[in-house]
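Heads up, the thing below is written out as C-alpha cells.
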Amino acid sequence: LKTDPGGTSLQEEFARLEGAARGSWSSRLTAMEETTIKPGIKKAYVEYMQFTCSFGHDSILKHMVYEFNNFDAVKHWCSRPKQELRDNCDAIKVYAFWPVLYEEEHLRIGNKRVMKSTGLDIATLNQLQILEDLTEIAKEVCHIPDFIRGILSIGHPVYERKFDVARALEWVKSTGNPKVIQKLETFGPLGWPSLEIFFFIYQQHIERVAKEFPNLKDELESAQCTICVKKSELLKTEGNKEFNSQRFESAIKWYTEAIDHHPKNHLLYGNRALCYLRLSQYMMALADGKRATILDQKWAKGHYRFCDALFALGEYMEALQANLKAHKLCEEDQDGIKELTQQVIKFKQVLEEKQAAAEAGISDFQIPSQTSNFENAPSEDLGLSAFLYTRMTKKKKKKVPPVSTVDLKKTDSTESVVDSHMENTKTPSELPAGHNKDTMPTDSRSKSPQGKSKKNIKLSEKPRAPELSKTELLEDRECNPSTTSALITLNGFPEAFSDLIHTGHKALIDKSFHCAEQVFSQLLDILNPADLKKLHLATIDYVVLIYGRASALLGIGQPEELTMAEQQFNVILDKYTKQRFNCLAFYGIGRVHLRQNRFAEAASQFIKSQIMLNHKIVPGVLKWPTTSVVIEETRPEKLQLLLERFIGECKFPPKPDAICRYTQCQGRKKKEIYFTDPDFEGFIRIFCCQLCKVELHLDCWKKLKTTEYPDRNDKDFLQSTCLTPDCKGSICHILIYGSSGLVKWQDEVKIAKVKIPQKPIVKQKNA
-7 LKTDPGGTSL QEEFARLEGA ARGSWSSRLT AMEETTIKPG IKKAYVEYMQ
43 FTCSFGHDSI LKHMVYEFNN FDAVKHWCSR PKQELRDNCD AIKVYAFWPV
93 LYEEEHLRIG NKRVMKSTGL DIATLNQLQI LEDLTEIAKE VCHIPDFIRG
143 ILSIGHPVYE RKFDVARALE WVKSTGNPKV IQKLETFGPL GWPSLEIFFF
193 IYQQHIERVA KEFPNLKDEL ESAQCTICVK KSELLKTEGN KEFNSQRFES
243 AIKWYTEAID HHPKNHLLYG NRALCYLRLS QYMMALADGK RATILDQKWA
293 KGHYRFCDAL FALGEYMEAL QANLKAHKLC EEDQDGIKEL TQQVIKFKQV
343 LEEKQAAAEA GISDFQIPSQ TSNFENAPSE DLGLSAFLYT RMTKKKKKKV
393 PPVSTVDLKK TDSTESVVDS HMENTKTPSE LPAGHNKDTM PTDSRSKSPQ
443 GKSKKNIKLS EKPRAPELSK TELLEDRECN PSTTSALITL NGFPEAFSDL
493 IHTGHKALID KSFHCAEQVF SQLLDILNPA DLKKLHLATI DYVVLIYGRA
543 SALLGIGQPE ELTMAEQQFN VILDKYTKQR FNCLAFYGIG RVHLRQNRFA
593 EAASQFIKSQ IMLNHKIVPG VLKWPTTSVV IEETRPEKLQ LLLERFIGEC
643 KFPPKPDAIC RYTQCQGRKK KEIYFTDPDF EGFIRIFCCQ LCKVELHLDC
693 WKKLKTTEYP DRNDKDFLQS TCLTPDCKGS ICHILIYGSS GLVKWQDEVK
743 IAKVKIPQKP IVKQKNA
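Just so you know, we're using the numbering used here here: the sequence shown kicks off at -7 and counts up by one.
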C-alpha cells in the first residue's frame, strides 16, 4: 500500500498493476462497426481489440465506444439497474485488491516469468480490511447520486497527487457506518493509503462504466485466455493428485503454476490455502484465503480456510467475526452454512480446552492442530445460534488433570478435499478419490485402519465435550459470568454484536422471519442485562431485542411460535414497565390474537395500546441498537394508523368458515373455525335432508362419537336422525376437511325431503 514519493504517482502505479487483471491490450482500433445511437449520445461504435495474455496468446474482444453530447458521469452511472451496479462494484473490488494481493504473485526477472507465493501478516490484513469495508460501503450506496458524486469529486484530484483526507473521512461518515470511521481513526495515517486507493479506483471505474456502459463483472469473467484456462485445469489436476498423496509442498507448486495461467480462479487459491494449512504455514494460508474470498465472496470454503488461518494465528475473535460475516455472505449456500457452523463449534471446543488448561495452571498449552471431519457433523442444521448459545451457557466443568504432553504432529488424514473447478458437479475425475468433504486444520484427527478416529493431543484422558441437541440448547439459559465477561472484553466483540443486530433487523424487514428469530435469540442468549453498560447499551435496547424476537416469532406464524411471541410480549409487560414500552407490547399481543383469528380479544389489546398512545405513555421514537434504523412502530403517527386499521378489522371480522356446535367444546380458545387458523386441524360438516348444517372440530366430533355413539363409524351416520334438536330430517351428506383444507373424506345418500304438513289456516269470521 506504499508508493515512492519521488517515483511514479499512485494512479500510474495502479494503472500499471491493474493491467494484470485484464491482461494487456494491443491494436485497439483493429476495426470499427457502427451501432444504434441512443438518446444523448453523439456517436457510438463497436471497437474490436486484440487481447494478449501474459503468455503471449492473442484473442479478440469487442468493446463499445460512446461519444456523448453532454456527459454526466453520475447520471449515466445511476441510470443503470441497481443489481448491475452492485455487480460492477464486486468487479471493482477485485480491481482494487489486484495490485495488493495478486500482482505480488507475479515477478519477472529479465524475460523469465517467476511465480512467488506471498503471505499476509495481521498488520497488512487490518489495512486491507479497511479497503474491503470501504468497498462494501460503496456497494450499499452505489445507486445514490450524491454519494457517487462525492466519490468522483474526491477521486479526481488524486491524478494530480492531491488527496483531501478530511473530505474523504467526511464522505465515509455521511454513509452512516461508524465502524469504518472508528477503524480509520484507530489506524490514523496508516489507514489513509487504503482510503486513497478506494477513491482513485472507484472514480476511475465509475467514469469508465458511465462512458462505455460495460458490465465489469462479465468483462472480468470473459477476459480470460482459453488456452491458459485449459492448461490451468491440467495443472490443477496434477496438484490434486499430489494433494491426494499427502505431498503438500509438491501440490503447492502445481497450484501456483496453475494460478499463473488462471489467476482469477478462486478454487486454486482455496486449494493452495488448504495445503499451507496442512504445512502450518498460516500466513500463506491467510493470504490465499483472502484472495479466494475477494474473487468470490459467496464461496463458503474460501471463508472457511481464511477463518482457519486466522484462528491458527491466535486471532480468535477476528476468526469468529470473519465466520459471522461468512454466514451473512453465504446464506444461500445451505451446505456451506452447515460447514461454517461446524467450524465455529470446533473453535468453541478448542477455546474451552484452552480455558480449562489455563484454569488448571497450564501456561504452555497450545492450540492443537486439528482436521475437521464433516462426515461426523450433525445432520440437523443447528445454525449459528448453537455456537453462540453454547459458548455463553453455563455448564458444570470437570477438573482437568495436568497436561503431560501436547503432540503437535499432524496425522496423515485421508479426509481432505481439493475443490474442483465445477463445484456443483463434483465427479470422480474432478475430485481425488475419497475427497468429498472439507478439512479444517484445528482438530487434528485421522481415521485408523479400523475406521476409528484418534487424537494426537495427550490430555490425560480429558473427556470430549458432547454434541448438544436443540432440546439441550433450549434448556438452562443461565450464562456463565466469567465466560461472558471474558468474551465481552475481547477486542471486536461490540462489532460482532452490531453485525448481528444489523442482520436481525434487516431479516425482519425482508420478512425472513426464521433468520431474524434465530439472530435475536442469539443476541438475547449472549447478553446479560447486568453487562449492558459494558457494551454502551441501555435497558431499553435490551427490551427492543425482546420485541424484535417476538416480532420475528409472530412473523413465523406457527402455533408454537405464536405462543412464544405472546410470552415475550408479556415479559415486557411484567418486567420492563419503567421503559414505557407497554403500548407496543399490547400492540404485539393484539397482533398475535389477530393472527389466531381471535378478533374480540385482539380488539381489546389494540384498544389498550391506543389508550396508552393517546395518553402519550410511549417510549419515544427508537432505533435498533447500534444502528441508525428507526423502528417504524415506535413513531406515534405510524402506530396510530396501524391501531386504527387493526381495530377496524376486528370490529368487522370475516365470516368464519365453520362454527363448532359441540356443546362441550372445551380446550379451544374459540368455536369459530377459519381455514387460516394457525392451528387449523380440519372439521366435519354434516347436512340433513331438511338443509340443516352441523359443523364440529374433528376432536370434538371424536368426543361426541365416543360418549354418545360408541358403536358407530362416520359412514353409519348416513340416513340416521339429524343431530339438530327438533329436526325430523335424516343425515344425507357428510364432509370431512383435513388439516390441508382439502376434503379428506365425504359420502352422500339421496333422501327425499320430507314435507311436514302445515296446519290448516282458520279464517275467522267477522262478527
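Even glycine gets a Cβ: it sits at the ideal position worked out from N, Cα and C. None of the values given here were measured: they were computed from a predicted structure.
Item, Value
"Three-way DSSP call (helix, strand, coil) for Y701 in this model", "coil"
"Residues near L112 in its chain [Cβ-Cβ closer than 7 angstroms; skip 5 each side]", "M275, L278, A279 and K282"
"Distance CB(P670)-CB(G549) smaller than 7 angstroms", "yes"
"Beta carbon of F561 nearer than 7 angstroms to that of I581", "yes"
"Where V741 falls: helix, strand or coil (DSSP)", "coil"
"Beta-bridge partners of E664, as assigned by DSSP", "I651"
"Integer Cβ distance of R590 from L546, believed to fall under 8 angstroms", "Between L546 and R590 the Cβ distance is about 14 angstroms, and since that is not below 8 angstroms, they are no contact."
"Straight-line Cα distance separating F505 from L524", "26 angstroms"
"Stretch pair the segment 167 to 180 + the segment 201 to 212: three plus CB contacts closer than 8 angstroms", "no"
"Residue environment, I753, which counts as buried when at least 16 other CB atoms sit within 10 Å", "exposed"
"Contact the segment 62 to 74 vs the segment 130 to 138: 3+ CB pairs below 8 angstroms", "yes"
"Alpha-carbon to alpha-carbon, E162 and Q195", "17 angstroms"
"H68 versus A650: straight-line alpha-carbon distance, rounded", "59 angstroms"
"When L117, D491, V157 and T248 are compared against K171, the one with the closest alpha-carbon", "D491"
"Option nearest V66 by Cα separation, candidates L126, E199, A83 and P551", "E199"
"Any non-hydrogen atom of the ligand GTP closer than 6 angstroms to M276 Cβ", "As for the ligand GTP, it is missing from this structure, which has no ligand bound."
"Cβ contact check for the segment 512 to 527 and the segment 592 to 602: 3 or more pairs under 8 angstroms", "no"
"Nearest to T668 (by Cα), restricted to the options K647, L683 and T655", "K647"
"Within 7 angstroms, strictly: CB atoms of V622 and C575", "no"
"Same chain only: Cβ atoms within 8 angstroms of E323, ignoring 5 sequence neighbours per side", "I329 and C507"
"Where E188 falls, given that 16 or more other Cβ within 10 Å makes a residue buried", "buried"
"Rounded C-alpha distance that separates P551 from N80", "44 angstroms"
"Euclidean distance between Cα positions of W90 and M604", "58 angstroms"
"Three or more C-beta pairs below 8 angstroms linking the segment 630 to 645 and the segment 675 to 682", "no"
"Proximal residues to L815 (C-beta, below 7 angstroms), its chain only, five neighbours per side dropped", "In the structure as shown, the chain starts at -7 and stops at 759, and residue 815 therefore has no counterpart that could be examined."
"Short Cβ contact (7 angstroms threshold) for C769 with H258", "As shown, the chain starts at -7 and ends at 759. That puts residue 769 outside it, with no answer to give."
"Per DSSP, cross-strand counterpart(s) of F679", "K685 and H725"
"Cβ neighbours of K630 in the same chain (closer than 8 angstroms, five flanking residues each side left out)", "E624"
"For K256, the three-state DSSP class (helix, strand or coil)", "coil"
"Alpha-carbon spacing of Y268 relative to R239, whole angstroms", "11 angstroms"
"Cβ-Cβ distance between V535 and Q571 below 7 angstroms", "yes"
"Sequence-distant residues of the same chain with beta carbon closer than 6 angstroms to C657, five excluded per side", "K663 and C692"
"P752 - DSSP class collapsed to helix/strand/coil", "coil"
"Exposure label - K256; buried when at least 16 CB within 10 Å", "buried"
"Element boundaries [alpha helix (DSSP H), containing C575]", "N574 to R587"
"Where L683 falls, given that 16 or more other Cβ within 10 Å makes a residue buried", "exposed"
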